[in-house]
Amino acid sequence: MKVRVGVNGYGTIGKRVAFAVAKQDDMELVGVVKKSVDIAAFQAVAQGLRLYVPGDEDVKNFESAGLKVNGTLQDLLGKVDVIVDATPGGVGQQYKPLYERFGVKQVYQGGEKPEVAEASFNSLCNYKEAIGGRSVRVVSCNTTGLLRIICAIRSYVNVESVRALIVRRAADPKEVKRGPINSIELDPPKAPSHHARDVKTVIKGLNVITYAVAVPTTLAHLHHVTLRLSKSLSKQDIISILDSTPRIILLNSERTGITGTAGLIEAARDVRLRYDIPELVVFEDSVLVDDRDLMLFQAVHQESIVVPENVDAIRAITGVEVDPFKSIEKTDSSLGLTRKLW
Ligand code: NAD
0 MKVRVGVNGY
10 GTIGKRVAFA
20 VAKQDDMELV
30 GVVKKSVDIA
40 AFQAVAQGLR
50 LYVPGDEDVK
60 NFESAGLKVN
70 GTLQDLLGKV
80 DVIVDATPGG
90 VGQQYKPLYE
100 RFGVKQVYQG
110 GEKPEVAEAS
120 FNSLCNYKEA
130 IGGRSVRVVS
140 CNTTGLLRII
150 CAIRSYVNVE
160 SVRALIVRRA
170 ADPKEVKRGP
180 INSIELDPPK
190 APSHHARDVK
200 TVIKGLNVIT
210 YAVAVPTTLA
220 HLHHVTLRLS
230 KSLSKQDIIS
240 ILDSTPRIIL
250 LNSERTGITG
260 TAGLIEAARD
270 VRLRYDIPEL
280 VVFEDSVLVD
290 DRDLMLFQAV
300 HQESIVVPEN
310 VDAIRAITGV
320 EVDPFKSIEK
330 TDSSLGLTRK
340 LW
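Numbering (numbering that gives the first Met the number 0), first residue to last: 0 to 341.
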């Protein structure tokens, strides 16, 4: 039997997760909850999605715009096994009692506090911890990027410490009112940034310190990461490890001519829906090994990197797949994640 899934919050993350869920042969997308009437609502209906609204008071707005409403969030909760909450940070926590009352399992996003769920989640790091649980929180885009690289390397050699500088995109492309537009902002000014704490919600006790700055771009984040390993590995060892890890693209700048996020996104425009890159992109030529320190640059497409983890999180909490790598393989092949941009 297929896992019946609803998505509450149909914005940047919600619409992508809904699309990804609909692609899975072991899941059924029952419906999506849309709060406001806008282009995404018309598109969802045109694509054949069943639209629900948060409460009875929202029905009128949609119907007067000619949009068919299938019911309220509560109606949807009565029909699903899992609700993916992709509402703005903090709203999921407010919905939690309702989800619990309906006895549905919950997948939250990284904008929620860790306490919202039984476990924070990353497919490569701790899939098994979530199996059979009631709720998980898929950590944020930057944390997902950091965890992918840490857990890829950790499966071969112990990682003693992590130091990272996160160069954050200022806003998503649609967020026209956010800044900075002409500054490189310490974000936050007081170190460390919260990302280190967030990494530790998945890898407890890891020695990790992060700094973050926000820069005037919307395309992607860029990280400089230093991992101290328990023993020295060659650059070739590192390349082989990353090359054999799912959801990581190793990008050779010399061969592709791509030296930053603009080139990356331009390449994705030609081959990927919405120019999404749910893989972590490691710039191969930036990989350096100095004794036990591994250093590299990596890019994170903030709008899509958490999407495959949401799909895996649904499999983990429902227990329909207990092998992380089988779930990852299923998700990635259904979404056409080729780990290449051609
Ligand atoms: P968004 O603003 O693009 O989408 C949120 C959607 O929820 C909007 O469509 C909004 O209308 C709707 N909404 C607002 N209040 C609602 C309510 N009470 N009931 C139902 N729907 C409601 O936000 P987003 O970027 O998709 O972020 C969602 C979550 O994902 C946040 O926790 C965020 O931190 C996390 N996240 C965002 C990104 C990113 O880069 N955008 C990356 C990773 C994780």
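Cβ atoms here follow ideal geometry from the backbone N, Cα and C, with glycine treated the same way. Predicted model only: the values in this text are computed from it and were never measured.
Problem set entry | Ala261 classed as buried or exposed, judged by whether at least 16 other C-beta atoms fall within 10 angstroms | Position 262 of the sequence shown, counted from the start, is the residue given in the question as residue 261. Exposed.
Exercise. Would you say the segment 299 to 311 touches the segment 106 to 123, given that touching needs at least three Cβ pairs under 8 Å?
Worked result: yes
Exercise. Where are the alpha helix (DSSP H) runs, 4 residues long or more, that stay fully inside the segment 238 to 288, in chain order?
Worked result: 252 to 255 and 260 to 270
Exercise. Short check: CB of Val207 to CB of Ala195, under 9 Å?
Worked result: Within the sequence shown, numbered from 1, the residue matching residue 207 stands at position 208. Within the sequence shown, numbered from 1, the residue matching residue 195 stands at position 196. Yes, the Cβ-Cβ distance between Val207 and Ala195 is below 9 Å.
For this session: Tell me, please, whether the segment 207 to 221 touches the segment 160 to 169 by the rule of three or more beta-carbon pairs shorter than 8 Å.
Result: yes
Exercise. Are there 16 or more other CB atoms within 10 angstroms of the CB of Gln46, so buried, or fewer, so exposed?
Worked result: Mapped onto the sequence shown, residue 46 falls at position 47. Exposed, because fewer than 16 other Cβ atoms sit within 10 Å of the Cβ of Gln46.
Exercise. Does the Cβ-Cβ distance between Ile313 and Val81 come in under 9 Å?
Worked result: Residue mapping note: residue 313 aligns to position 314 of the sequence shown, counting from 1. Residue mapping note: residue 81 aligns to position 82 of the sequence shown, counting from 1. Result yes, Cβ atoms of Ile313 and Val81 sit closer than 9 Å.
Exercise. Cβ of Tyr210 versus every heavy atom of ligand 1: is any distance shorter than 8 Å?
Worked result: Walking along the sequence shown from the start, residue 210 turns up at place 211. No; taking the cut-off as 8 Å, the Cβ of Tyr210 has no heavy atom of ligand 1 nearer than that.
Problem set entry | Ala298 in three-state terms, based on DSSP | To locate residue 298, count along the sequence shown from 1; it is residue 299. Strand, per DSSP.
For this session: Could you work out which residue in Asp269, Ser35 and Asp74 is closest to Gly10 when comparing CA atoms only?
Result: Counted from its first residue, the sequence shown places residue 10 at position 11. Measuring from the Cα of Gly10, the nearest candidate turns out to be Ser35.
Exercise. With distances taken from CA atoms, which of Ala19, Val52, Asn181 and Ser285 is nearest Glu253?
Worked result: In the sequence shown, counting from the first residue as 1, residue 253 sits at position 254. For the residues Ala19, Val52, Asn181 and Ser285, the minimum Cα distance to Glu253 belongs to Ser285.
For this session: Going by CA-CA distance only, name the one from Arg177, Lys176, Asp197 and Ala64 that's closest to Val137.
Result: Within the sequence shown, residue 137 is the residue found at index 138, counting from 1. Comparing Cα-Cα distances from Val137 to each of Arg177, Lys176, Asp197 and Ala64, the minimum goes to Asp197.
Exercise. Does the beta-carbon distance from Asp236 to Tyr155 come in below 9 Å?
Worked result: Locating residue 236 in the sequence shown gives position 237, where the first residue counts as 1. Locating residue 155 in the sequence shown gives position 156, where the first residue counts as 1. Cβ atoms of Asp236 and Tyr155: closer than 9 Å.
For this session: State yes or no: is the C-beta of Met39 nearer than 8 Å to some heavy atom of ligand 1?
Result: Position 40 of the sequence shown holds residue 39. A small fix is needed here, since residue 39 is Ala in this sequence, not Met. For ligand 1, at least one heavy atom lies less than 8 Å from the Cβ of Ala39.
Problem set entry | Met26 - partner residues in DSSP beta bridges | Residue mapping note: residue 26 aligns to position 27 of the sequence shown, counting from 1. Bridge partners of Met26: Val2.
For this session: Could you round the C-beta distance between Asn141 and His223 to whole angstroms and report it? I think they count as a contact, below 8 Å.
Result: Against the sequence shown, residue 141 aligns to sequence position 142. Against the sequence shown, residue 223 aligns to sequence position 224. Not quite, the Cβ-Cβ distance comes to about 13 Å (not below 8 Å), so this is no contact.
Exercise. Counting pairs of beta carbons, one from the segment 143 to 154 and one from the segment 292 to 308, are three or more of them closer than 8 Å?
Worked result: yes
Exercise. Under three-state DSSP, which class holds Tyr9?
Worked result: Sequence index remark: in the sequence shown, residue 9 carries index 10 (1-based). Looking at Tyr9 - three-state DSSP - the assignment turns out to be coil, as it is neither helix nor strand.
Exercise. What does a CB cutoff of less than 7 Å around Met26 pick up in its chain, not counting 5 residues either side in sequence?
Worked result: Against the sequence shown, residue 26 aligns to sequence position 27. Lys1, Val2, Val4, Val20 and Ile313, listed in sequence order.
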